[in-house]
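Chains as they are written, first to last, in the working numbering: chain A, 112 to 696; chain B, 4 to 388. Okay, so here's the structure we're looking at.
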């Protein structure tokens with residue numbers, strides 16, 4: 112372009128307003144910038160709190176777009192037992208959901224359930240160069256998860272199960288009204304398709320020893336669970352008149368108990384106690400839960416307690432059995448004594464203090480103990496045991512070389528989700544080591560939000576030599592900008608059987624949402640830390656240096672002055688800032 | 004054409020609608036809010052095909068209208084008092100940028116102390132921003148002045164501020180003629196700016212200007228403002244031809260042989276007309292003069308209108324503390340250097356902060372003006388003593 116020149120010699124040369132031939136584009140105002148805004152996906156609290164490392168916000172948002180295939184693929188990659196957790200997990204994701212502070216949390220589990228029902232092909236995991244062999248002991252959630260990932264990486268996996276059918280606690284400990292066996296069967300079948308050799312009816316310590324496994328396999332993974340019910344320690348218990356809770360549930364499952372009459376006492380306040388009571392109710396008995404502290408201290412999930420009561424289970428708190436009454440081996444009742452709450456004990460919970468003289472005799476026809484389960488240390492002698500289970504390091508290794516462990520046998524939170532998460536972590540780290548990588552480095556690379564859970568997606572990235580695509584810090588609620596949220600909207604109500612049905616039926620209590628209802632619930636997601644293309648940064652940038660192309664934004668740093676208004680108006684906390692290096696000299 | 008019973012606020016909004024405004028931005032402030040509400044309704048119902056920008060402050064209102072106007076859009080807004088003051092910086096900018104924004108200001112006294120009521124201290128403080136300033140007497144004049152204002156603004160490329168009294172006009176309803184839209188369109192053709200902001204042909208506007216160039220830009224504004232007197236008169240004449248009403252730069256009422264002429268602006272003028280009629284009925288040679296334009300100030304027309312009078316009184320609903328009413332200063336300044344400069348010009352400060360200016364108040368002014376020795380310093384009317 113030929114150079115133009117404006118000459119203003121006379122008044123008549125002047126335009127009526129000041130106009131330049133050129134533009135201000137030559138003035139690179141971005142050089143003034145002190146703070147540099149940049150788009151950065153951060154952790155949503157739901158993701159950060161998932162023990163499995165499940166991409167909650169990812170599948171919720173895919174669901175809200177109606178893209179169930181994508182939702183299911185993301186979910187399945189991180190959680191091989193998603194259809195199980197979609198029914199039995201206690202939803203730390205929902206407890207952490209920032210929407211709780213706005214109106215009510217997203218029904219993440221209900222969305223997960225719809226996604227888990229989809230049939231999808233998870234993209235193949237990166238195969239190990241040299242397949243190794245590993246023995247997995249126990250086919251509960253931890254064993255199944257570990258076996259699945261190792262098989263999917265191409266390793267040779269033998270799965271040892273003491274019983275005939277696979278599933279462990281999922282099969283014998285969780286009643287079908289919470290987890291229908293058909294759902295479990297489908298999950299197990301899907302996992303086995305990864306190529307796992309099954310050795311059922313083979314109990315560690317009876318049919319095979321740890322030493323034998325160590326000799327035959329390059330590594331051993333222990334996940335036998337914790338199945339020995341603790342004794343309630345009342346006179347008369349040693350006669351076998353008291354039924355352990357897990358044994359009761361297993362016998363019902365196996366068809367050994369088809370009906371009950373009269374009154375059943377369940378001693379304990381955890382989830383096994385609730386399951387035993389609700390099962391007894393379904394078999395025809397009147398069920399009474401006896402718990403020694405108050406309702407606030409009951410370890411069972413509050414939803415389960417509420418549901419049990421709605422179905423007709425009687426919950427008696429601040430009572431403890433002191434004597435079993437029986438005729439021969441037949442139970443006739445319990446002598447109970449009232450408690451009051453005392454000062455907090457070592458675990459912070461108030462200690463129940465017996466009140467002498469408050470003894471009463473209550474008639475019962477069956478007494479079930481469900482005050483907790485212990486680990487059977489005899490299965491694997493020679494390992495280091497703590498008060499609450501096998502001692503393992505951060506990766507999941509026991510004190511013995513090449514023996515790893517996870518699940519209830521280990522001292523860790525006893526939930527299905529935690530078992531899956533720890534087993535997944537152990538599998539990825541063992542695989543990493545077998546690939547010649549440092550598990551410590553890998554762990555810090557694949558951790559979710561610095562917590563116990565790890566991410567398969569991040570493991571893929573790491574194996575492919577890609578840089579990490581996201582930040583792991585968790586978005587706080589006050590880092591969101593609620594000014595821009597949609598108006599409050601009610602959380603979806605889940606389909607449920609009427610509580611009265613619990614008296615007669617083992618049918619699943621909580622139903623599955625329609626895909627449409629789940630998608631519209633998912634659309635309530637506030638998208639914490641995740642850009643969802645709301646255009647606020649594009650609209651509000653006073654220097655017009657945010658551009659928009661096919662759902663992605665780009666900041667023109669030649670002109671961005673670093674005012675960080677985009678950061679302030681981002682409702683999601685998805686724009687971060689960093690100090691420009693040049694100012695540091 | 005239809006007649007509706009409209010408040011002054013709604014009359015202003017209808018004026019904007021008849022003018023085919025394309026962009027409007029506003030921030031609510033009493034006693035102006037009715038204008039914004041009506042405009043919002045006209046836009047929401049699709050009667051006015053305009054972009055309505057909800058703004059976070061009057062400063063942003065004016066900034067966004069300047070930008071919109073630079074692209075060639077016809078723009079309108081309304082404000083009052085503190086809101087107008089907040090725009091101050093950008094009032095200069097709008098005038099210097101030569102954008103023909105039309106704004107209605109509803110006169111309300113400036114705080115402190117807080118008040119919602121009427122005086123012109125808000126608008127007279129903006130006298131020197133380079134805007135054209137009009138003062139209206141009634142609701143119909145408000146509507147007509149908005150239409151005339153766009154014609155004038157777009158021809159001389161200066162922004163126009165149309166003032167009406169808060170409460171007396173803004174909240175009082177009276178019959179207002181709504182002109183035929185097609186006729187207004189003949190009167191007011193679409194705005195075609197000589198220079199237009201266009202992303203396809205980017206240029207910097209109003210960039211840094213050095214002392215070798217700046218003064219000429221200002222001189223051009225002064226020329227445009229001078230030309231505005233002729234253009235305004237032509238706009239008024241053309242308006243009269245189409246709509247049968249004329250307002251003039253100023254409006255002499257029974258002044259032909261008047262020995263005493265009282266000068267007023269805004270709604271006081273209506274009261275004054277009644278009082279003049281009473282005195283005329285008694286055979287007294289007394290008249291009134293409404294000043295409609297504060298900028299450009301119609302100096303020549305004022306001198307002609309005041310020619311017959313021996314005495315003049317100026318009623319100001321504003322006060323420049325330390326001197327007196329702004330219109331009083333303007334009148335004395337305009338008369339200076341003429342034969343008329345020897346006439347006594349009484350300055351009266353009336354109705355400050357919304358105190359009613361009644362016929363009885365005006366009788367006091369007439370008595371004082373006729374007295375042998377009217378005060379040289381401005382007189383505070385109806386002051387508690």
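All residues carry an ideal CB built from backbone N, CA and C; glycine is no exception.
Less than 9 Å between CB atoms is the rule here; does residue i satisfy it with respect to chain A?
i, result
"residue 13 of chain B", "no"
"residue 363 of chain B", "no"
"residue 219 of chain B", "yes"
"residue 222 of chain B", "yes"
"residue 167 of chain B", "no"
"residue 101 of chain B", "yes"
"residue 395 of chain B", "In this structure chain B extends from 4 to 388, so residue 395 of chain B is not present and cannot be described."
"residue 162 of chain B", "no"
Measure the CB-CB distance between residue i and residue j and report whether it falls below 9 Å.
i, j, result
"residue 396 of chain A", "residue 360 of chain A", "no"
"residue 307 of chain A", "residue 270 of chain A", "yes"
"residue 109 of chain A", "residue 162 of chain A", "As shown, chain A starts at 112 and ends at 696. That puts residue 109 of chain A outside it, with no answer to give."
"residue 47 of chain B", "residue 55 of chain B", "yes"
"residue 227 of chain B", "residue 162 of chain B", "no"
"residue 314 of chain A", "residue 258 of chain A", "no"
"residue 257 of chain B", "residue 221 of chain B", "no"
"residue 294 of chain B", "residue 253 of chain B", "yes"
By how many angstroms is the C-alpha of residue j removed from the C-alpha of residue i?
i, j, result
"residue 467 of chain A", "residue 192 of chain A", "49 Å"
"residue 59 of chain B", "residue 32 of chain B", "12 Å"
"residue 178 of chain A", "residue 223 of chain A", "13 Å"
"residue 154 of chain B", "residue 193 of chain B", "10 Å"
"residue 174 of chain B", "residue 168 of chain B", "9 Å"
"residue 302 of chain A", "residue 555 of chain A", "27 Å"
"residue 211 of chain B", "residue 123 of chain A", "20 Å"
"residue 501 of chain A", "residue 564 of chain A", "19 Å"
"residue 129 of chain A", "residue 175 of chain A", "51 Å"
"residue 338 of chain A", "residue 547 of chain A", "36 Å"
"residue 651 of chain A", "residue 318 of chain B", "48 Å"
"residue 406 of chain A", "residue 428 of chain A", "6 Å"
"residue 82 of chain B", "residue 37 of chain B", "10 Å"
"residue 42 of chain B", "residue 50 of chain B", "10 Å"
"residue 671 of chain A", "residue 677 of chain A", "11 Å"
Note the first and the last residue of the continuous beta strand (DSSP E) segment covering residue i.
i, result
"residue 309 of chain A", "307-310"
"residue 387 of chain B", "Segment: none, residue 387 of chain B is in no beta strand (DSSP E) and carries neither H nor E."
"residue 293 of chain B", "289-294"
"residue 453 of chain A", "441-455"
"residue 54 of chain B", "54-57"
"residue 316 of chain B", "314-319"
"residue 270 of chain B", "Counting along the chain, residue 270 of chain B falls outside any beta strand (DSSP E), and DSSP gives it neither H nor E."
"residue 255 of chain B", "253-256"
"residue 95 of chain B", "Unbroken run through residue 95 of chain B is the alpha helix (DSSP H), 91-99; no beta strand (DSSP E)."
Using a Cβ-Cβ distance cut-off of 9 Å, determine whether residue i contacts chain B.
i, result
"residue 133 of chain A", "yes"
"residue 598 of chain A", "no"
"residue 181 of chain A", "no"
"residue 112 of chain A", "No answer about residue 112 of chain A holds up, because its pLDDT of 46 lies below 50 and its placement is not dependable."
"residue 129 of chain A", "yes"
"residue 136 of chain A", "yes"
"residue 676 of chain A", "no"
"residue 126 of chain A", "yes"
"residue 139 of chain A", "no"
Starting from residue i, follow its DSSP beta bridges and name the residues at the other end.
i, result
"residue 79 of chain B", "B:27, B:105"
"residue 332 of chain A", "A:247, A:515"
"residue 659 of chain A", "A:664"
"residue 589 of chain A", "DSSP output for residue 589 of chain A lists no bridge partner at all."
"residue 229 of chain B", "Beta-bridge pairing links residue 229 of chain B to no other residue."
"residue 367 of chain B", "DSSP output for residue 367 of chain B lists no bridge partner at all."
"residue 431 of chain A", "A:448"
Starting from residue i, trace the alpha helix (DSSP H) both ways and give me its first and last residue.
i, result
"residue 395 of chain B", "Past the edges of chain B, shown from 4 to 388, lies residue 395 of chain B, and the structure says nothing about it."
"residue 473 of chain A", "No alpha helix (DSSP H) holds residue 473 of chain A; the beta strand (DSSP E) holding it covers 471-474."
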